[in-house]
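Q: These protein sequence lines map, in sequence, to chains A and B. In terms of the working numbering, the first sequence opens at residue 292 and continues consecutively. In terms of the working numbering, the second sequence opens at residue 816 and continues consecutively. Think of the CB as a built atom: it goes at the ideal place given N, C-alpha and C, for glycine as much as any other residue.
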Amino acid sequence: MAEDTFLGDDFLRQLMSVGEVDLLVAIPTFNNAETVGQTIQAIEESYQQNFIRDRVVILNVDGGSTDKTPEIVCQSDGHRGTGRGITSLRTVHRVTSKYAESPSPAKALRTVVAAADLLRAKAGAVVSPNTVNLEASWIANLLRPAYRQDFDYVAPLYVRNKYQGLLARNLLYPMARAVFGRQIREVYSDEWAFSGRLAAECLAQNIWNDEAIRARPEAWMAITGIRSNMKCCQSFLGPKVAPAPGTGPDIVEAVRQTIGNLFRCLEIYQDDWLAIDGSQAVPTFGPDHEITSAPKPAGQEKVFDLFRSGVDGLKSVLPSILGPDTYTKIQDIASLEPAKFRFPMELWVTTLYEFAAAYHRTVIARDHIVQALVPIYRGSLYSFFLEHADSSPDQIEVDSEILCGEFERQKPYLVERWKAKS
Amino acid sequence: MAPYDENLWYKDAVIYQLHVRTFSDSDGDGIGDFRGLTTRLDYLQDLGINAIWLLPFYPSPLRDDGYDIADYTSVNPSYGNVEDFKTFLTEAHRRHIRVIIEMVMNHTSDQHPWFQEARSSRDNPKRDWYVWSDTDTRYQGVRIIFVDTEMSNWAWDTISKSYYWHRFFSHQPDLNFDNPAVREAMWEVMRFWLDMGVDGFRLDAVPYLVERDGTSCENLPETHKVIRDLRKRLDQAYPGKMLLAEANQWPTDVRAYFGDGDEFHMAFHFPLMPRMFMAVKLEDRKPIIEILEQTPQIPDSCQWCIFLRNHDELTLEMVTDIERDYMYDSFANDKAMRINVGIRRRLAPIMENDRRRVELLNGLLLSMPGTPIIYYGDEIGMGDNIYLGDRNGVRTPMQWTGGWNAGFSSADPERLNAPVISNPVYGYQSINVDSQRRSEHSLLNWTKSVIRTRNSFRVFSRGSIEFLKPINHRVLAYVRQLGEERVLVVNNLSSSAQAVELDLRSYKGYIPIEMFGRNLFPRIGDLPYLLTLAPYQFFWFRLRRI
C-alpha cells in the first residue's frame, strides 16, 4: 500500500486547496535558487498574457534542495501591476512538493502527472529552471496546442547551432522516428507539454520505478503518447542555450540515460512498433526547427582517441553485442588515421540496431551494453566533426534527413535482429 | 467601545434604494407616487432597512429618468406634491427610517429656468451660471461618459449661438461652480429640504463640478473646495445630516472626497461591486481582496457605501479592459444587455436566478465593511427587461402581488409608466412580495433574516476587517472586530463543495457560534480550523470566549 501514498499529506492539502485547474506548469528543481525566480516570472507572465481567464497553477517538484529553492518558489512577489494593481483575474497558485531527499526525474514527473490528474488539469507543461532563456511565449507555445487544440503531447522545437544536440540529431531522433513512426525531433527534452489524458494514461502505468525509465521519464511519456495513438505535435520555442560547461550530464551519463531509455521503450512497446513502416510528420506550430552555424568545438582529437581506446578496451564485449561483420568494420575504422577517419552512415545505423537487439536479448548486463555504446558514439561524433566542419546549416539539415532515411531503410534489419532467438 | 454617536447613523444604516415612480401607485394613473410609497413603509420597516434613498423626484422632462432636474424645490406632479413628500417623510421617521434624497448638483435640465435664462442672451445675469464657449475645443481630451450617445462634451446652443459644456447628456448643461451665485443657490436648495427634515443627500456626479484647462476636469482641488464649503455649512446648521458622494472612481481617487472628515460622510465603493460578481464567477477571492487591499483608510467618521445593483447599469468603468471583457462575456453575452460601459441587468438575472449565488452575494454585501444598499426588488429576486431602452429595464414596477399590474397600480396595464415583468421565470405571477411573505423560506424572508442579524451586531457596520488567507482561494474568509465583538465570515465562492483550513490561532479558546441557527461549533484550538462548505455556502460565526 505504500506505493499508493507517494504523495505527501501536505502536498495533498495544497492540491485540495487549489482545486480543479485548467493549466499546470511544473518546474522540477534541485538547488536552483539562483534561476527559479526567473522561471516563475516567465510562467506568471505567460499565464497573464495568454491564459488570463483560466484556472492555473505553478507546481514545483523539488528533489531535496538545500538552497531554499522551494521557499523562493512560494514567495509571493506581491502586486507587480499598475497603480491600480490589478495583475490577473485569478489567483495564480504556487504549490511545492519535496518528493524525495535526492533528485529523481521519475519521482518528480510522477508527482507532476499525479497532481495534474488530481487537479483535472486539461493541459500541463514541464519547464526547466536551467533554461536560462525561458520566455513567457515558450510556455504559451507549449500549452496552447494541448489546451486549445486537443493535442496530447507537445514536443519543443528549438534553434540550435550545428554542434548542439548531436546525440538527439544523430541518434535519438532518427532511431525513435524509424522505430515509432513519428517525426518528432525532441522527445528527450527539458520543455514539453501534455494533456490531462496523457497524464492519466501514464499515471496508471506501473513503470515509474523501472531503472531505465527513471532517468528520462519524459521520453517514455512521449512514446507512450505516440504508441497510444494520441495526438502529437511540435511547437517552436526559440534558441536553446547550451548549459554552462560542467553543469549538464557528461557524455557517458547522457548516453546511459537517453539510449538506455530508448532501448527500454523499444522493449516496452515492441508489440506496437515492429510492424511500423516509414514515418509520419506531425503538426508543427510556429516555425520549424533551425540549425545555425557555429565555430568548431575544441578537443576533437581527444574524442577520436577515446573512440579508438574504447573499441580496443571493449574487444571482449563488443563481439557479443555486434554481428561479426559489423564488429570487423568497427575495428577497421578504428585503425584509420584520424584525418582520414569516417564512420559510414550505414555502419552507424547497423551498429545501433545491433546494440538495441543485444539489449533486448540481454546478452550481457543491459547497463554494460549501453555503456559499451559510448565509445562507438564518440566515433560517430568525431566523424561528424570531420565531415561537417565546413558544412552549411542547410547541408547538415539535408544530411540529417538522409540519416533518418537510412534508419528507416534498415528498420527491417532491426526487426529481424530483434526477433532472432539468439 | 466608543459611546454610540447618533450623528453617525449612516454607518449603521441598511439603505433601500427605490424610485417613487416605480414603487407604488396610489391614484391609479400608472405612475408611482409618494402616497403609494407611504403605504409601503410598513413593508420596508418589516424588511429591516433603516434608510431609504430616493431617486430624483423633482419636476423634470424625464429625459434622464429625473436626473435632468427642472425645479429643485418641488415635487414632480406625477409623484404628488411637497405636502405628500412631507407626509412620507414624517411616516418614515415614525418608523425610524431615514430618508436620503438626490441632489444633482453638477447639471440641470436644459428646461430649468436657470438655463432658459442663461441661454436667452449673452448678457443675461444667469449667463455665467453655466459653462459657455465660442468653440468646442476647450478642455480637449476630457473623456466622454455616455459614449453610446454623446460625441462631445460640448453642445451648440442655437439660441445664444455658442457652445455649452455637459459631461452627461447634451440636454443636461453643467452648472458653473466657479460662480458664487451658483454655489449659494445650491445651498439654498439643500436648505429647503433640510428644513423639511430629510436626513441626507446623495450628491450626483461629484467629480465633475469644476472645469480647468489642461486637466481631466475631474476631481479638481476646486471641486473639493466647493464640497468642503458645503459640508461646513451643513455641519453648522444641520448636524447629523449626511452627504453621500457619487464618484465613480478608483478608491485612491475617491479617498480625497472624504477629506479630513470634512467633505463627504460616505462615498460609493464602485470598484468593489463588479469584483464581487467577478469573484463568484471566477470562483476566486482574488478580485475582492485585491481591491479592498488597495482601498485606503478613511477618517473615522466616514464610511464606504457598498452595493450590488442600483438603478444604473452595472458599471464597468473601474475595471481593467481584461476584466471588462470577462464581465461582458460572463454576464452580458447578449449585446442588448450592455449599455455605456456596463451591464443593464438586475441581481437575480445576472446570477441566472441561482438562489444560492444571490444569497452569497447578499451575504457578502451585508458582511463586508461599509453601509450596504439594497436596490428595490432585489430582495425578492425581481427580473429585468433589457429591451426597454436606456436603463429602464432595471426600473420596472415593484412586484407586490400576483394580481393586476403586480399590485403596483390599478391603472390599465397599457397606462403603466413601464410594463411589469411578466415572463414565466421573473414575472410578477411567480416573483412577488405577497407570495414570498407567505413562504418561510422565500428569498424575501431570508433577506429579512440576514438584515436582522446584521442589524443586531454593530461589528458589521463599524468593525475592522482582517482577511484570513487560507490556501483554498475559493474561500473568502475574514474576521470583523469591534471592541470585544468578533465575527468570523467564511464564504465559499465556488460551485462545488470546499474544505478549508483556517488559521485561527489568534482566536484560540473562542467558540464559534453560527449566527443564523445559533449553533455551537467546536472550540478553536492550535490546529488549523477545518470547515467544509457546500457550493456557494457562507457562514457567519460570532466568536465568543466563554
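Is the separation between the beta-carbon of A/ARG669 and that of A/GLY601 shorter than 8 Å?
A: Start at 1 with the first residue of the first sequence, and residue 669 of chain A comes out as number 378. Start at 1 with the first residue of the first sequence, and residue 601 of chain A comes out as number 310. Going by C-beta atoms, A/ARG669 is nearer than 8 Å to A/GLY601.
Q: Quick one: complete alpha helix (DSSP H) runs, 4+ long, within the stretch 610-663 of chain A?
A: Segments of the alpha helix (DSSP H) lying fully in the stretch 610-663 of chain A: 615-625 and 636-652.
Q: Identify the contact partners of A/LEU380 in chain B, using a Cβ-Cβ distance below 8 Å as the criterion.
A: Locating residue 380 of chain A in the first sequence gives position 89, where the first residue counts as 1. Result: MET1093, LEU1097, ASP1099, LYS1101, PRO1102, ILE1137, GLU1138 and TYR1141.
Q: Pull up the distance between the alpha-carbon of A/GLY551 and that of A/ASP658, whole angstroms please.
A: Counted from its first residue, the first sequence places residue 551 of chain A at position 260. Counted from its first residue, the first sequence places residue 658 of chain A at position 367. Roughly 7 Å separates the two Cα atoms.
Q: Identify the continuous alpha helix (DSSP H) that holds A/PHE442 and give its terminal residues.
A: One-based indexing of the first sequence puts residue 442 of chain A at position 151. Where A/PHE442 is concerned, there is no enclosing alpha helix (DSSP H), given that its DSSP letter is neither H nor E.
Q: Thinking C-beta only, is A/GLY577 closer than 8 Å to A/SER526?
A: Working through the first sequence from its first residue, we reach residue 526 of chain A at position 235. Working through the first sequence from its first residue, we reach residue 577 of chain A at position 286. Yes, Cβ-Cβ distance for A/SER526 and A/GLY577 is below 8 Å.
Q: Closer than 6 Å by C-beta to A/GLY696: which residues in its own chain qualify, once you throw out the five before and the five after it? Chain order, please.
A: Locating residue 696 of chain A in the first sequence gives position 405, where the first residue counts as 1. Same-chain partners within the cutoff: there are none.
Q: Does any CB atom of chain A fall closer than 8 Å to the CB of B/ASP883?
A: By one-based count along the second sequence, residue 883 of chain B stands at place 68. Not one chain A Cβ lies under 8 Å of B/ASP883.
Q: Just the C-alpha distance for B/PRO1228 and B/GLN1112, rounded to the nearest angstrom, thanks.
A: Here the question's residue 1228 of chain B lines up with position 413 in the second sequence. Here the question's residue 1112 of chain B lines up with position 297 in the second sequence. In a straight line, the C-alpha of B/PRO1228 is about 50 Å away from that of B/GLN1112.
Q: Less than 6 Å between C-beta atoms, sequence neighbours within five positions excluded: which residues of the same chain meet that for B/ILE1154?
A: On the second sequence, position 339 is the one that residue 1154 of chain B refers to. If we look at B/ILE1154 and ignore the five residues flanking it on each side, its Cβ neighbours are GLU1128.
Q: Can you confirm whether B/HIS1084, when its beta carbon is compared against all beta carbons of chain A, has any partner nearer than 8 Å?
A: Translated into positions along the second sequence, residue 1084 of chain B becomes position 269. No, B/HIS1084 does not count as interfacial toward chain A.
Q: What residue range is occupied by the uninterrupted beta strand (DSSP E) comprising A/SER526?
A: Along the first sequence, one-based indexing puts residue 526 of chain A at 235. Here the beta strand (DSSP E) through A/SER526 covers 523-530.
Q: Looking only at its chain, what residues have a beta carbon closer than 7 Å to the beta carbon of A/GLY374, apart from the 5 residues adjacent to it on each side?
A: For this step, residue 374 of chain A is matched to residue 83 along the first sequence. A caution first: A/GLY374 carries a pLDDT of 40, below 50, which makes its placement in the model unreliable, though a value can still be read off. So no residue of the chain qualifies.
Q: Please identify, using Cβ separations under 9 Å, the residues of the stretch 302-319 of chain A that lie next to chain B, in order along the chain.
A: Residues passing the 9 Å Cβ filter: ARG304, GLN305, MET307, SER308, VAL309, GLY310 and GLU311.
Q: Threshold first: 3 residues or longer. Then list the beta strand (DSSP E) segments lying entirely within the stretch 307-343 of chain A, N to C.
A: Counting only runs of 3 or more, we get 314-320.
Q: Under a Cβ-count criterion, where at least 16 other Cβ atoms within 10 Å of its own Cβ denotes burial, should B/MET1213 be classed as buried or exposed?
A: On the second sequence, residue 1213 of chain B is found 398 positions in, with the first residue counted as 1. Answer is buried; the Cβ neighbour count reaches 16.
Q: In the structure shown, what three-state DSSP assignment does B/MET816 receive?
A: Reading the second sequence from its first residue, position 1 is the one you call residue 816 of chain B. With a pLDDT of 49 at B/MET816, under the threshold of 50, the modelled position of that residue is not reliable, and the figure given next carries that caveat. It is coil, neither helix nor strand.
Q: Starting from the N-terminal side, write out each stretch of the alpha helix (DSSP H) that is 4 residues or longer and does not extend beyond the stretch 459-507 of chain A.
A: DSSP runs (the alpha helix (DSSP H)) wholly in the stretch 459-507 of chain A: 464-471, 487-494 and 502-505.
Q: Could you tell me whether any Cβ in chain B is nearer than 8 Å to the Cβ of A/HIS384?
A: In the first sequence, residue 384 of chain A corresponds to position 93, counting from 1. For A/HIS384, the answer is yes, since a Cβ of chain B falls inside 8 Å of its Cβ.
Q: Can you tell which of A/ARG473, A/ARG439 and A/SER480 has its C-alpha closest to the C-alpha of A/ALA459?
A: The sequence position of residue 459 of chain A within the first sequence is 168, counting from 1. Ranking the options by Cα distance to A/ALA459, first place goes to A/SER480.
Q: Look at the alpha carbon of B/MET816 and the alpha carbon of B/PHE1275, and state the distance between them as a whole number of angstroms.
A: Counting from one through the second sequence, the residue named residue 816 of chain B turns up at place 1. Counting from one through the second sequence, the residue named residue 1275 of chain B turns up at place 460. With a pLDDT of 49 at B/MET816, under the threshold of 50, the modelled position of this residue cannot be trusted; read the value that follows with caution. Roughly 14 Å between the two C-alpha positions.
Q: Give a yes or no on whether the minimum CB-CB distance between A/ILE498 and chain B is below 8 Å.
A: Locating residue 498 of chain A in the first sequence gives position 207, counting from the first residue. Not closer than 8 Å to any Cβ of chain B, the Cβ of A/ILE498 fails to qualify, so no.
Q: My guess is that B/LEU1175 and B/PHE1353 are in contact by the Cβ rule of under 8 Å, so how many angstroms apart are they, rounded?
A: Taking the first residue of the second sequence as position 1, residue 1175 of chain B is located at position 360. Taking the first residue of the second sequence as position 1, residue 1353 of chain B is located at position 538. Sure, about 6 Å apart at Cβ, within 8 Å.
Q: Tell me the DSSP secondary structure of B/HIS922 in three-state form.
A: The sequence position of residue 922 of chain B within the second sequence is 107, counting from 1. Correct three-state label for B/HIS922: strand.
Q: Quick one, which residues of the stretch 1269-1290 of chain B are near chain A if we go by CB-CB under 9 Å, in chain order?
A: Cβ contacts with chain A come from PRO1285, ILE1286, ASN1287, HIS1288, ARG1289 and VAL1290.
Q: Output, in sequence order along the chain, the residues in the stretch 1004-1027 of chain B whose CB is closer than 7 Å to any CB in chain A.
A: Answer set for the stretch 1004-1027 of chain B: empty.
Q: Could you give the first and the last residue of the continuous alpha helix (DSSP H) run that contains B/ARG1043?
A: Within the second sequence, the letter at position 228 stands for residue 1043 of chain B. Note, B/ARG1043: alpha helix (DSSP H), 1036-1052.
Q: Got a sec, what are the start and stop residues for the alpha helix (DSSP H) A/LEU597 sits in?
A: The sequence position of residue 597 of chain A within the first sequence is 306, counting from 1. Start and end: 591-604.
Q: Starting from A/THR384 and walking both ways along the beta strand (DSSP E), at which residues does that stretch end?
A: The residue given as residue 384 of chain A occupies position 93 in the first sequence. First, the residue type needs correcting, since residue 384 of chain A is His and not Thr in the sequence shown. Run containing A/HIS384: 383-389, per the beta strand (DSSP E) assignment.
Q: Candidates B/ASP1068, B/SER1116, B/SER1182 and B/GLU1138: which alpha carbon is nearest B/GLY1123's?
A: Translated into positions along the second sequence, residue 1123 of chain B becomes position 308. Reading the sequence as shown, one finds Leu at residue 1123 of chain B and not Gly. Closest by alpha carbon: B/SER1182.
Q: Name the DSSP bridge partner or partners of A/TRP709?
A: Mapped onto the first sequence, residue 709 of chain A falls at position 418. According to DSSP, A/TRP709 bridges with nothing at all.
Q: By DSSP, does B/LEU1175 sit in helix, in strand, or in coil?
A: To locate residue 1175 of chain B, count along the second sequence from 1; it is residue 360. Of the three classes helix, strand and coil, the one that applies to B/LEU1175 here is helix, per DSSP.
Q: Do you know offhand how far B/GLU1061's Cα is from B/PHE1073's?
A: Residue 1061 of chain B sits at position 246 when you count from the first residue of the second sequence. Residue 1073 of chain B sits at position 258 when you count from the first residue of the second sequence. Each residue's Cα considered, the two are about 12 Å apart.
Q: Can you grab the Cα-Cα spacing for the pair B/GLY895 / B/PRO1066, in whole Å?
A: For the purposes of this step, residue 895 of chain B is taken as residue 80 along the second sequence, with counting starting at 1. For the purposes of this step, residue 1066 of chain B is taken as residue 251 along the second sequence, with counting starting at 1. Between B/GLY895 and B/PRO1066, the C-alpha separation is close to 38 Å.
Q: Please report the Cβ distance between B/LEU869 and B/GLU917, rounded to the nearest whole angstrom; I am assuming they are in contact, meaning their Cβ atoms lie under 8 Å.
A: Residue mapping note: residue 869 of chain B aligns to position 54 of the second sequence, counting from 1. Residue mapping note: residue 917 of chain B aligns to position 102 of the second sequence, counting from 1. Their Cβ separation, rounded to whole angstroms, is 7 Å, which keeps B/LEU869 and B/GLU917 in contact under 8 Å.
Q: Along the stretch 316-346 of chain A, where does the CB come closer than 7 Å to a CB of chain B? Name the residues.
A: Here the close residues are ILE343 and ARG344.
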